[in-house]
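For the sequence shown, position 56 matches number 843 in the numbering used here, and the numbering has no gaps at all. C-beta: ideal position from N, C-alpha, C; glycine also.
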Amino acid sequence: MKSDIKKRKFLVILGIIFVLLTINQYNFSKNESNYDDNREIRDETNLKKPKSSEFWDENDVSSIHISADNWSATDLPWIQNQTGTWSDPHIIENVTIDGTGKTYGIFIENSNDYFTIRNVSIYNVGTGGTWDAALKLVSSSNGIIINSNFSNNEQGILLRASSNITISNNIASENTESGVYLASNSDYNVVSENYISENTNFGIYVSGNCDNNLIMK
788 MKSDIKKRKF
798 LVILGIIFVL
808 LTINQYNFSK
818 NESNYDDNRE
828 IRDETNLKKP
838 KSSEFWDEND
848 VSSIHISADN
858 WSATDLPWIQ
868 NQTGTWSDPH
878 IIENVTIDGT
888 GKTYGIFIEN
898 SNDYFTIRNV
908 SIYNVGTGGT
918 WDAALKLVSS
928 SNGIIINSNF
938 SNNEQGILLR
948 ASSNITISNN
958 IASENTESGV
968 YLASNSDYNV
978 VSENYISENT
988 NFGIYVSGNC
998 DNNLIMK
């Protein structure tokens, strides 16, 4: 009888030890799993972290002029010369220009290459001429202007004989003429989602046989 009681006690003790060992092993494995998951998340965060772009201020850039698709000839760090196609456009970004005494900040003429202008700020452009503008596009096409500021100039953005230009999510305020000016047969352009206010003459001004343009708030 006593022998049976001892056996039962021994088995109970073994059972308790087994349960405790199982619980400890489970907790250890769980902690290991959580550590690995967290480490993977941190690694993914590092991989997804965007590479920081360089910025150029008024001391670096006085103005930018592109003529006749000479993008590749402008060997400047603030112009990313690509192939100029729809899927691989030239890019001007992260530039601030003080246009005091100048007729333009960025001037693109006779260009049909695809390009993007983004995160650019241009101010103080103007010598009193109607065609003075922070951003001036003449006889050019296939551009996107986005997330930029063209305020406190003669004209904010000026298009002359230019087409297939998208102007979106920009600021064009407190210019002495217009925020955005489409002139002289500028067709098939889109002006949308911009903040345009307190310009002396017009917010958006369209003149001179400009057709098939989409202008939205």
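Between which two residues does the beta strand (DSSP E) harbouring residue i extend?
i	result
Tyr901	Neither: Tyr901 is in no beta strand (DSSP E) and is coded neither H nor E.
Tyr975	Here Tyr975 belongs to no beta strand (DSSP E), and DSSP marks it neither H nor E.
Leu922	920-925
Gln869	That residue, Gln869, is in no beta strand (DSSP E); it is neither H nor E in DSSP.
Ala970	965-970
Asp885	877-887
Asn929	928-933
Ser850	From DSSP, Ser850 is part of no beta strand (DSSP E); its letter is neither H nor E.
Thinking C-beta only, is residue j closer than 9 Å to residue i?
i	j	result
Ile851	Gly892	yes
Phe902	Ile884	no
Ser898	Ile944	no
Glu980	Asn956	yes
Gly886	Val912	yes
Ser994	Ala970	yes
Asn906	Ser949	no
Ile909	Leu924	no
Asn986	Thr963	yes
Asp856	Asp919	no
Quick check on residue i: does DSSP put it in helix, strand or coil?
i	result
Trp843	strand
Asn860	According to the sequence provided, residue 860 is Ala. The question's Asn does not apply to it. Ala860 falls in the helix class under three-state DSSP.
Ser984	coil
Asp998	coil
Ala948	coil
Thr953	strand
Gly916	coil
Asn1006	Nothing can be reported for residue 1006: it is not among the residues displayed for the chain, which extend from 788 to 1004.
Ser960	coil
Alpha carbon to alpha carbon, how far is residue i from residue j?
i	j	result
Lys1004	Thr861	35 Å
Thr1022	Ser984	With the chain represented from 788 up to 1004, any question about residue 1022 goes unanswered, as that position is not in the structure.
Gly888	Gln942	14 Å
Lys836	Ile958	Its pLDDT being 35, under 50, Lys836 is placed unreliably in this model, and the coordinates cannot settle the point.
Tyr968	Ile991	6 Å
Asn972	Ser926	9 Å
Gln867	Glu896	18 Å
Cys997	Glu961	24 Å
Ser859	Glu841	20 Å
Val882	Phe894	14 Å
Asp875	Asn940	31 Å
Asp830	Ser849	Its pLDDT being 37, under 50, Asp830 is placed unreliably by the model, and nothing is read from it.
Query raised in the report: Pairing CB atoms from the stretch 867-876 with CB atoms from the stretch 840-849, are three or more of them under 8 Å?
Result: With a cut-off of 8 Å, the stretch 840-849 and the stretch 867-876 do not count as touching, because too few Cβ pairs lie within range.
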